[in-house]
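Notes follow once the structure below has been shown.
Number of protein chains: 2
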Amino acid sequence: MRLTTMTTYAVQAMIELADRPAGTVVSLREIAGRHGINLKYLERIFSRLCRSGLIESKKGPGGGYFLRRRADSIKISEIMEAVGESRAPVRCLAKAEDKYCSQAETCSIRPYWKRMKETIDEFLDSSTLYDIIKKNKND
Amino acid sequence: MRLTTMTTYAVQAMIELADRPAGTVVSLREIAGRHGINLKYLERIFSRLCRSGLIESKKGPGGGYFLRRRADSIKISEIMEAVGESRAPVRCLAKAEDKYCSQAETCSIRPYWKRMKETIDEFLDSSTLYDIIKKNKND
DNA sequence: ACAATACCCTACTTTTTTGGTAGAATATAG
DNA sequence: CTATATTCTACCAAAAAAGTAGGGTATTGT
Chain A
0 MRLTTMTTYA VQAMIELADR PAGTVVSLRE IAGRHGINLK YLERIFSRLC
50 RSGLIESKKG PGGGYFLRRR ADSIKISEIM EAVGESRAPV RCLAKAEDKY
100 CSQAETCSIR PYWKRMKETI DEFLDSSTLY DIIKKNKND
Chain H
0 MRLTTMTTYA VQAMIELADR PAGTVVSLRE IAGRHGINLK YLERIFSRLC
50 RSGLIESKKG PGGGYFLRRR ADSIKISEIM EAVGESRAPV RCLAKAEDKY
100 CSQAETCSIR PYWKRMKETI DEFLDSSTLY DIIKKNKND
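These protein sequence lines are chains A and H, in that order.
Numbering that gives the first Met the number 0 puts the last residue of the first sequence at 138; the count rises by one with no breaks.
Numbering that gives the first Met the number 0 puts the last residue of the second sequence at 138; the count rises by one with no breaks.
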């Protein structure tokens, strides 16, 4: 039941972007350096975030990435989705794998795992980047 | 965010035991056969469940395993605990790993992961074997 | 007693997933 | 033009999970 480090990196990085004033961009080199993340690895993560439309890039010198939407409209679940983190506790509940288990219809435990997934989804769907930042600033 | 198959096997098997009338035992061979689980693999799982005190064994011909407590007193979280499934979404929240991240104290995201863990724990702590069986029988 | 049944322990192998690397291509500000 | 930065396509290594194998030990019905 552990998130991949790719997911935690992605959230960390998104927090970084959210913390910057609008109109500024952040380079990967900067983020990678500060968090001790391999640059190439970060690149892969950001390309996914980009493809999902959560962030946008500005190329060339002085370029970098920036949030495409307001921090309070970006759900944590969206970030996970972008980097491919599954939120299903069991394989038979993952997307496009409904046919993985032939006995899915009669399985007595599946409904339980489904409720578990819903609980997790609800949590991740109801929190945004802004919530994390805000909570932190209240200290 | 996926449970290991060992965990899902463990829950499946515990449901089997819970579904039997009191006083009866179930052999591993039987469970392994019905669910298509490798016998040796199941043995390992059951030895852990046994060590955790969730089930008990009866040796000899006609022997097998049975629940040590009532189904409505066995939490799903206990089963996970028994087979070593971590419920922490990130490593720095896992047991005996508080020192994994040196910046745990100042980390802005950690409190969020902690709330996530609490949400999951709450779900798993508040459901028992009996709940799963019962829900199923209502169909 | 003893053989049948079933649990118990240790080590190993394979597979899958995750994490990390490398190198080159493309775009752009100055 | 060129330095900086993102994009794309592979590939490789480490770790974790899953599955196997084989021998050993305890119990009990007969």
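Idealized CB from N, CA, C, for every residue including glycine.
CB contact check: residue i to chain A, cutoff 7 angstroms
i, result
"PHE122/H", "yes"
"ASP97/H", "The predicted model places ASP97/H with a pLDDT of 49, which falls under 50 and marks its position as unreliable; any figure quoted below should be read in that light. Chain A contact via Cβ: absent."
"ILE78/H", "no"
"SER85/H", "yes"
Proximity test, Cβ basis, 7 angstroms: residue i and chain H
i, result
"PRO20/A", "no"
"VAL89/A", "yes"
"GLU15/A", "no"
"THR23/A", "no"
"MET0/A", "yes"
"ALA131/A", "Position check: residue 131/A holds Ile in this sequence, whereas Ala was assumed. Yes, ILE131/A lies at the interface with chain H (some Cβ there is under 7 angstroms from its Cβ)."
"MET5/A", "no"
"TYR144/A", "What the structure shows of chain A is the stretch from 0 to 138, and residue 144/A is not part of that stretch, so it cannot be assessed."
"THR105/A", "no"
"THR127/A", "no"
Cα-Cα separation between residue i and residue j, rounded to whole angstroms
i, j, result
"LEU27/H", "GLU104/A", "25 angstroms"
"TYR40/H", "PRO60/A", "56 angstroms"
"ALA12/A", "GLU42/A", "11 angstroms"
"ASP97/H", "CYS91/H", "The predicted position of ASP97/H is uncertain, since its pLDDT is 49 and thus under 50; no value can be drawn from it."
"PRO88/H", "ILE36/A", "19 angstroms"
"SER72/A", "LEU128/A", "8 angstroms"
"ILE108/H", "GLY63/H", "47 angstroms"
"LYS74/A", "GLN102/A", "34 angstroms"
"GLU29/A", "LEU16/A", "11 angstroms"
"ASP130/H", "GLU55/H", "21 angstroms"
"THR7/H", "ILE44/H", "11 angstroms"
"GLU117/H", "ILE14/H", "25 angstroms"
"CYS100/H", "ILE119/H", "22 angstroms"
"PRO110/H", "LEU2/A", "15 angstroms"
"ALA31/A", "LEU38/A", "6 angstroms"
"ARG68/A", "SER46/H", "51 angstroms"
"ALA93/A", "ALA93/H", "25 angstroms"
Contact check, residue i vs residue j, beta carbons under 7 angstroms
i, j, result
"VAL10/A", "ILE78/A", "yes"
"ARG86/H", "MET115/A", "no"
Minimum C-alpha distance to residue i - residue among the options
i, options, result
"CYS49/A", "ASP18/A, THR127/A, ALA21/A and VAL82/A", "VAL82/A"
"TRP112/H", "GLU15/A, LEU123/A, LYS57/A and TRP112/A", "LEU123/A"
"SER51/A", "SER125/A, THR118/A, ILE131/A and GLU80/A", "GLU80/A"
"ILE132/A", "ASP18/A, PRO110/A and TYR8/A", "ASP18/A"
"MET5/A", "ALA93/A, THR118/A, GLU84/A and PRO110/A", "GLU84/A"
"LEU66/H", "LEU38/H, GLU121/H, LEU53/H and THR7/H", "LEU53/H"
"GLY22/A", "THR3/A, ILE14/A, LYS57/A and ALA31/A", "LYS57/A"
"PRO20/H", "ALA70/H, ARG33/H, HIS34/H and ALA93/H", "ALA70/H"
"HIS34/H", "SER125/A, CYS106/A and ARG68/A", "CYS106/A"
"SER126/H", "SER76/H, SER46/H and ALA93/H", "SER76/H"
The ligand MN heavy atom lying under 6 angstroms from the CB of residue i
i, result
"GLY61/H", "Within the structure as shown, the ligand MN is missing, as the structure has no ligands at all."
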